[in-house]
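Residue numbers (UniProt numbering): 1 to 223.
Structure below.
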């Protein structure tokens, strides 16, 4: 990490900081680069602090007891990741893994500075816990999908969501990545993807899935 000119435009709480807090933040904010696939934070790494993502996509996931990874949320450019500062948030009592889904550039407010700002400024505290609550809602939604939706429904929904997010019908994704994103085993995802292909909903190629019929996928999602 290196020190960086203070990127005040990325701090939603900047105007609520005192002059002393602004100096503290700008004197300590760091910039870093994460390469695609790099582990950013986990139970095995040091607590980092708040991550303000300038470019790229971070993936947030949970690890099940049988070793399966489940994607629960993503942090996009311009957003703030609070789970990387879980050590200073008393309401977060479980581990969330964070990795770089694409190459990323980010600003990091170290954990010690994050803790000082949270304890000294109610606006920062409210902002951080509000963001944590929003992510918890996404976690609950992900768990509900795993518990109550069929694998076919989850896969169809994921493909539609990714198509909308990436603005393309051709998704560059492996079956292993699909399995991680919807919380299933790769073999089961492969079987289900082939079933969707047989229904002419998608076309499968090595390393990619192309959506052929959005309406059929939507019907599958609705059960």
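Here a beta-carbon is modelled for each residue, glycine too, at the ideal position from N, C-alpha and C.
Three-state class that DSSP yields for residue 157 in the structure shown: helix
Nonlocal neighbours in the same chain, by C-beta distance under 6 Å from residue 123, ignoring five residues either side: 13 and 16
As assigned by DSSP and simplified to three states, the class of residue 46: coil
Outcome for residue 152 when other beta-carbon atoms lying within 10 angstroms are tallied against a minimum of 16: With 16 or more Cβ atoms within 10 Å of its Cβ, residue 152 is classed as buried.
Stretch-stretch touch, CB-based, cutoff 8 Å, three pairs: the region 23-38 with the region 71-78: no
Same chain only: Cβ atoms within 8 Å of residue 45, ignoring 5 sequence neighbours per side: Cβ neighbours of residue 45 beyond the five flanking positions: 39.
Residue 99 - DSSP class collapsed to helix/strand/coil: strand
Residue 172 in three-state terms, based on DSSP: coil
Beta-carbon proximity list for residue 184, same chain, < 7 Å, skipping 5 on both sides: 151
N-terminal and C-terminal residue of the beta strand (DSSP E) that residue 74 is part of: 69-76
Close-in-space but distant-in-sequence residues of the same chain around residue 197 (CB under 7 Å, 5 per side omitted): 203 and 204
Host alpha helix (DSSP H) of residue 125 (start-end): 122-148
Nearest-angstrom Cα separation, counted from residue 34 out to residue 107: 11 Å
Meets three-Cβ-pair contact criterion under 8 Å: the region 72-88 and the region 52-61: yes
Of the residues 199, 208, 191 and 164, the one placed nearest residue 219, counting alpha carbons only: The candidate whose alpha carbon is nearest that of residue 219 is 199.
DSSP beta-bridge partners of residue 61: Beta-bridge pairing links residue 61 to 71 and 97.
Residue 218 in three-state terms, based on DSSP: Residue 218: helix per DSSP, three-state reduction.
Nearest to residue 154 (by Cα), restricted to the options 192, 166, 41 and 86: 192
C-beta atoms of residue 160 and residue 209 nearer than 8 Å: Going by C-beta atoms, residue 160 is not nearer than 8 Å to residue 209.
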